[in-house]
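To keep things clear, I will list the structure first and then write my remarks on it.
Numbering (the numbering used here), first residue to last: 1137 to 1353.
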C-alpha cells in the first residue's frame, strides 16, 4: 500500500471534518431566535397587529411593521407619575374640548344667518381648536418624556409585526407601543403589564381587543 496515498486520505478526511465543523458553527450562529432564555433570565416576545376580529387571521389583518415597542419598569412609579399627570392635564383638556364642541354648534346655527355672523363664528372655532391642539401637544410631550424616563429597553417590530426582548431580568414590566394607520389618522396604543419569569418565554399579543388609551384621552 502506498504510504503517500494513506497520508493524502488522512488530510482529506481532516479537511472534511473542519468544513463540517465550520458549517455547524455557522448554522448555530444563524439561529439566535431559537435559543432558550439563559439561566436566571426571561424572554418577552409578541406581535403588533390590527384586524376587525382582533385575532391574527384573515386577509384584513394589518401587521405593525417597524413599530417601536418599549419595555417600561413596572415597579409602580410610572403608574403613579402617569396618574398624577392625567389628573393635572386631562380636566383642562376635556374642558377645552367642550368649548370646541360648543363653537362647532354655534357655527352650524350661524349658517342659517348672515355671512358676517358665520365668518365670525368660524374664526372663533379655529381659535378654540388651536387652544385644544396646544393643550394636547403639551400633554403628549410630558407623557412621552415620562415614558422615556422609565423605559428599560426598546426595539422595533419586523416585517410581520413581531418583536422580541431577550435576556430580561425576571420581574414586572409594562409593554408600550403605538400603532398608527397611515393616512387615516387612526391610532392604537398599548400599555400592558407583563410578568417576566425565570427561564420562560412570555408571549404578548398587541391587538385591537387589548388596545388602550394609554396616557391619551
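Virtual Cβ for every residue (Gly too), placed ideally from N, Cα, C.
DSSP beta-bridge partners for residue 1183?
Paired residue(s): 1298 and 1341.
Once the 5 residues before and after residue 1289 are set aside, which same chain residues still bring their CB inside 7 Å of it?
Taking residue 1289 as the centre and dropping the five residues before and after it, the same chain places the C-beta of 1207 and 1301 closer than 7 Å to its C-beta, in chain order.
Excluding the five sequence neighbours on either side, which residues of its own chain have a C-beta within less than 6 Å of the C-beta of residue 1260, listed in chain order?
Close CB contacts of residue 1260 within its chain, under the 6 Å cut and outside five residues either way in sequence, are with 1239 (chain order).
Tell me the DSSP secondary structure of residue 1279 in three-state form.
Here residue 1279 sits in helix by DSSP.
8 Å CB neighbourhood of residue 1294 in its chain, flanking five on each side removed:
Contacts found: 1201.
How close, in whole Å, do the beta carbons of residue 1279 and residue 1221 come, if the pair is a contact with beta carbons under 8 Å?
Contact flag correct, Cβ pair sits at about 6 Å.
Under a three-way DSSP split, which group does residue 1264 fall into?
Here residue 1264 carries a helix assignment [DSSP, helix/strand/coil].
Please classify residue 1252 as buried or exposed, where buried requires at least 16 neighbouring CB atoms within 10 angstroms.
Classification for residue 1252: exposed.
Bridge partners of residue 1331, per DSSP?
DSSP output for residue 1331 lists 1308 as bridge partner(s).
Would residue 1313 and residue 1205 qualify as a contact pair, given that the criterion is a beta-carbon distance under 8 Å?
Closer than 8 Å, so yes.
Are there 16 or more other CB atoms within 10 angstroms of the CB of residue 1257, so buried, or fewer, so exposed?
Around the Cβ of residue 1257, a 10 Å sphere holds 16 or more other Cβ atoms; the residue is buried.
For residue 1208, list the residues DSSP reports as bridge partners.
Looking at the DSSP output, residue 1208 bridges to 1287 and 1310.
What first and last residue would you give for the alpha helix (DSSP H) that runs through residue 1241?
That run of the alpha helix (DSSP H) goes 1213 to 1246.
Reference residue 1269; option with closest CA among 1348, 1225, 1176 and 1250:
Comparing alpha carbon positions, the residue from 1348, 1225, 1176 and 1250 closest to residue 1269 is 1225.
When we look at the beta-carbon of residue 1339 and count the other beta-carbons within 10 Å, is it buried (16 or more) or exposed?
A residue is called buried when at least 16 other Cβ atoms come within 10 angstroms of its Cβ; residue 1339 does not meet this threshold and is exposed.
So what does DSSP say about residue 1162, is it helix, strand or coil?
Caution applies to residue 1162, whose pLDDT of 38 falls short of 50 and renders its modelled position unreliable; the model cannot decide the point.
Proximity of residue 1350 and residue 1325 at Cβ, strictly below 8 Å:
A contact, by the Cβ cut-off of 8 Å.
Since residue 1217 and residue 1282 should fall inside the 8 Å C-beta cutoff, what is the C-beta to C-beta distance between them, to a whole number of angstroms?
About 6 Å separates the two Cβ atoms, so the contact holds.
Residues bridged to residue 1348 (per DSSP):
In the DSSP assignment, residue 1348 forms a beta bridge with 1325.
Paired residues, beta bridge with residue 1198 - DSSP:
Beta-bridge pairing by DSSP links residue 1198 to 1186.
Neighbourhood of residue 1213 by C-beta distance below 8 Å, restricted to the same chain and skipping five residues each side
Around residue 1213, the same chain offers 1286 as residues with beta carbons nearer than 8 Å, after the five sequence neighbours per side are excluded.
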